[in-house]
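With the working numbering applied, the sequence shown covers 1 to 173. Working notes for the structure below.
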Amino acid sequence: MAFDSRAFRDALGAFPTGVAVITASGAQRPIGITVNSFASVSLDPPLVLWCMDKRSQRHEAFTAAPGFTVSILGTGHREVSSRLARPGEHSLDGLPLTATELGPPGLTDSLAIFECAREKTFDGGDHTILLGRVLRFSRKLEGPPLVFFRGKYSALAQSKPPEGAAGRPTDKD
Ligand SMILES: Cc1cc2nc3c(=O)[nH]c(=O)nc-3n(C[C@H](O)[C@H](O)[C@H](O)COP(=O)(O)O)c2cc1C
């Protein structure tokens, strides 16, 4: 049976994710890309990963950069996310940026920012997997995350945590 790549992609879209912008120092100026492949890997040592499409015009710049900054987007970043997902749109000009100690800026008002040194890259089929060691991080304590689900931006329903979940009183309390 032929493998249906389109259906495979759609099926992967059933896994809801957050959205992040990865920034790195480009040849002259910092560049950015919208991703939803960001994932935590290890607490000790602190490692994270994301995957970069080998066909991207930005592939060489990101995989060669000594480090990268991960900004976890909130619902207010929807336009920024769309802009940095446009083919050929790599520039951060005009975006509200927050300086970092290590280099590539983060996006202002991000839910969290991770400053990473590139630890290793791995071949991942048509993507390159970039493993980063987190050297510094910061986070906001509040704010709704931008969510990507079934090929569309979305947001979390503001529901209460399930019965019995940590922090939620039950009938027995
Ligand atoms: C929500 C969302 C998530 C994305 N996640 C990734 C990703 O994890 N890795 C990736 O390489 N591209 C991802 N993309 C695509 C890039 O943002 C961008 O569209 C693509 O790199 C454009 O081509 P260019 O880099 O050649 O300009 C994502 C796009 C969107 C809208």
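Backbone N, C-alpha and C define an ideal beta-carbon position, used for all residues, glycine too.
Judged by DSSP in its simplified three-state form, R58 adopts coil rather than helix or strand. A Cβ-Cβ contact shorter than 8 Å links V21 with L84.
Taking 7 Å as the cut-off, one finds at least one heavy atom of ligand 1 near enough to the beta carbon of C51. The way I'd put it, the segment 5 to 16 does touch the segment 142 to 149; three or more beta-carbon pairs between them come closer than 8 Å. Using a C-beta cut-off of 8 Å, the segment 41 to 49 makes no contact with the segment 23 to 31, since fewer than three inter-stretch Cβ pairs fall below that distance. Only residues of its own chain outside the window of five on either side were considered, and among them A20, I22, W50 have a CB closer than 7 Å to the CB of V35, listed in chain order. P66 has its alpha-carbon roughly 9 Å from the corresponding atom of E119.
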